[in-house]
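Engineer: What follows is a single structure, and I will ask about it in a moment.
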């Protein structure tokens, strides 16, 4: 809608690349460029296994960022995701180790808890008009606090099923990935199908574009909004399961501050925080870019890891300014 | 008949909420916590005089609450314009990193005169706020995103300044700022000074009116000649400055700067103080006194939980409940539901 103006105004640019796809194209281009430059500069980065490790280390962020993309596409925000990841790890560890439950029971329980928490926050947002920021802030406090109610110490997981899954290697040509990566890629694929091929997905875009219009069009705005936060709660809990398998323990301070990395990954992936446009593929590459920065810093050895935060901040700014510019271009022509 | 009733309710609810009523709520909450402590926490209100100054749980609340109160003052103005500042925690960490590295680790002297070091730290914090303000007012980026950038990058910057170490300061006069006493904790005098300045600024000049106008309707106030951009710039700079003051107080109190943990989750507590104090997150009418009370409520909750020997992290659950209750009380939909239930 915004971009139709650009198409009319500068047909050359429009023919080259549909402006709707421009942010996501920039993200993918930036990742490829960074990967090529890094591969040329540091020997060893341009191997399949490093790429696989990039996926292994960031699998849980991908899962969580998929849910966050739905929330941000609808114009909302969810600050509770990292806290839910930590709570899932804690609850899983407590149920496995202290209550000696089977993983076949534990995993459905934690997924249900995450989904319920998400739906609860969605209900507060939709029915009591509490700003998403405040409602999910409360959710964040609740989930983090609940971790420490279980225990203020870390709980190691010794369950044999968890241990064997954590060590399992899925072979790929030239290397291996963990089962977590498979989960992450499946979530990404399912997310894409939901977003692009269901009426739920179209309603998410419509709400982000203009909630009032979506309401007037007769779309089920209320139901969809609660479902979006429930879906994100589910994704956070699943990310928590993936993370628990990665670290094989539960701890209340896990993923501290990661809500921002997840939100920035979505923004770097080309979804503006006002919602309405963006793609899950962009989010995927947004996560990979952040991961690549960390890999480069590790390979370099002289750079300090705190540069990661600064570079991620600068990249986020770059994408926000680009989106503002595209938006302004569209309005100018109209 | 029924719709008429609904209409009447709507008119009642549209009446502007006076800030005095939300002040009463905040005061009541604080009173409840205090009464609870009076009954269940022995010795909570006992004050002792040791080394010529006062000691006790109440004094603890005031001492540890001081940085929150300063942050809440800056955050109130930001929230009143309809914005939010997520970067106050990292900005506090940056100010702490700057002031401690300028003073240095020597025991008997400071590498730079103390007032100068503090002024430079506050100046850099104000610059951080100015940066947020430019992004928001002149580039038109949403406040939550613009300040998110500094929130993400800020801790990295603080790490660069401290070179990744925790800088410990042994110079005694520095410790006075956040840990000294003039009968009462010295940091309280700083809070009083900031609060006084801020309230003079917003109540004796037109600034307060302009801030509320922007929060109520930014474009309407723009067309009626309010210099919306400059006021936003100013408000975020003040918020940065307040974060800087809080950072200096915190680092002085613990005699060190930890880039990773100084001011961690402070932004959320500051926003919470403002909301509890009755300033709606949508902007408009604000109450500085309410936010100060809000900060005290949060700190009292924390201290109360400490004195029960519960893990301090559990306060988060209590905070979650408080956020929910307060935002439900402020929610028009919730109020209507309660009214319908009664009728």
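Protein chains in written order, with the numbering used here: chain A, 188 to 521; chain B, 828 to 1170. By construction, the Cβ of each residue, glycine as well, lies at the ideal position given by its N, Cα and C atoms.
1. From the DSSP output, read off the bridge partner residues of residue 1009 of chain B.
2. What's the gap between the Cα of residue 1148 of chain B and the Cα of residue 267 of chain A?
3. Which one or two residues does DSSP pair with residue 228 of chain A in a beta bridge?
4. Using a cut-off of 8 Å between C-beta atoms, extract the partners of residue 464 of chain A located in chain B.
5. Closer than 8 Å by C-beta to residue 525 of chain A: which residues in its own chain qualify, once you throw out the five before and the five after it? Chain order, please.
6. If you draw a straight line from the alpha carbon of residue 369 of chain A to that of residue 246 of chain A, how long is it in whole angstroms?
7. To the nearest angstrom, how far is it from the Cα of residue 349 of chain A to the Cα of residue 279 of chain A?
8. Which residue spans inside the segment 243-295 of chain A form an unbroken beta strand (DSSP E) run of at least 3?
9. On a CA-only basis, which of A:248, A:234 and A:226 is nearest residue 478 of chain A? Give me that one, please.
10. From the beta carbon of residue 439 of chain A, is the nearest beta carbon of chain B less than 8 Å away?
11. For residue 881 of chain B, report the span of its alpha helix (DSSP H) as first-last.
12. Cα separation between residue 212 of chain A and residue 453 of chain A?
13. On the DSSP letters alone, give me the boundaries of the beta strand (DSSP E) that residue 362 of chain A sits inside.
14. Residue 992 of chain B by DSSP, collapsed to three states: which one?
15. Pull up the DSSP beta-bridge partners for residue 437 of chain A, would you.
16. Between the C-alpha atoms of residue 286 of chain A and residue 274 of chain A, what's the straight-line distance to the nearest angstrom?
17. Which residue from B:864, B:883 and B:854 puts its Cα closest to that of residue 1011 of chain B?
18. Taking DSSP as the reference, what is the three-state secondary structure of residue 1127 of chain B?
19. How is the alpha helix (DSSP H) around residue 942 of chain B delimited, first residue to last?
20. Whole angstroms is fine: what's the gap from residue 839 of chain B's alpha carbon to residue 1157 of chain B's?
21. Let me know the secondary structure DSSP gives residue 1053 of chain B once reduced to three states.
22. Are the beta-carbon atoms belonging to residue 1051 of chain B and residue 977 of chain B less than 8 Å from one another?
23. Which residues of chain A have a Cβ atom closer than 7 Å to the Cβ of residue 999 of chain B, listed in chain order?
24. Taking only three categories from DSSP, how would you classify residue 358 of chain A?
25. Counting Cβ pairs closer than 8 Å, one from the segment 493-508 of chain A and one from the segment 981-996 of chain B, do we hit at least three?
26. Run down chain B in chain order and give the residues with a C-beta less than 9 Å from the C-beta of residue 501 of chain A.
27. Please report how far the alpha carbon of residue 880 of chain B lies from the alpha carbon of residue 1007 of chain B, in whole angstroms.
28. So who's on the other strand from residue 1030 of chain B, going by DSSP bridges?
29. Compute the beta-carbon to beta-carbon distance between residue 1097 of chain B and residue 899 of chain B, rounded to the nearest angstrom, for a pair I have assumed lies under 8 Å.
30. Restricting to Cα atoms, I'd like to know which of B:1136, B:1077 and B:1102 is closest to residue 867 of chain B.
31. Ends of the beta strand (DSSP E) at residue 932 of chain B?
32. Whole angstroms are fine: how far does the CA of residue 1133 of chain B sit from the CA of residue 891 of chain B?
33. Rounded to the nearest angstrom, what separates residue 363 of chain A and residue 356 of chain A at their Cα positions?
34. Give the interface partners of residue 1138 of chain B over in chain A, defined as CB-CB distance under 7 Å, in chain order.
35. Would you mind giving the Cβ-Cβ distance between residue 916 of chain B and residue 1093 of chain B, rounded to the nearest angstrom? I have them listed as a contact below 8 Å.
36. Given a cut-off of 8 Å, decide if residue 304 of chain A and residue 293 of chain A are closer than it, judged by their beta-carbon atoms.
Structural biologist: Checking against the coordinates, here is how it stands:
1. B:1011
2. 15 Å
3. DSSP lists no partner for residue 228 of chain A.
4. Per Cβ cutoff of 8 Å: no residues; residue 464 of chain A is ~15 Å from chain B at best.
5. The requested residue 525 of chain A is not part of the displayed model; chain A covers only 188 to 521.
6. 9 Å
7. 10 Å
8. none
9. A:248
10. yes
11. Not the alpha helix (DSSP H): residue 881 of chain B falls in the beta strand (DSSP E), residues 880-882.
12. 14 Å
13. 362-364
14. coil
15. A:342
16. 16 Å
17. B:883
18. helix
19. 941-960
20. Note that residue 839 of chain B has pLDDT 38, beneath the 50 cutoff, so the model's placement of it is unreliable and the number below is only indicative. Distance between the alpha carbons of residue 839 of chain B and residue 1157 of chain B: 15 Å.
21. coil
22. no
23. The contacting residues do not exist; residue 999 of chain B stays about 30 Å from chain A at best.
24. strand
25. yes
26. 976 and 980
27. 10 Å
28. Bridge partners of residue 1030 of chain B: none, in fact.
29. 5 Å
30. B:1136
31. Residue 932 of chain B -> no beta strand (DSSP E), and no H or E assigned at all.
32. 13 Å
33. 6 Å
34. 335 and 339
35. 4 Å
36. no
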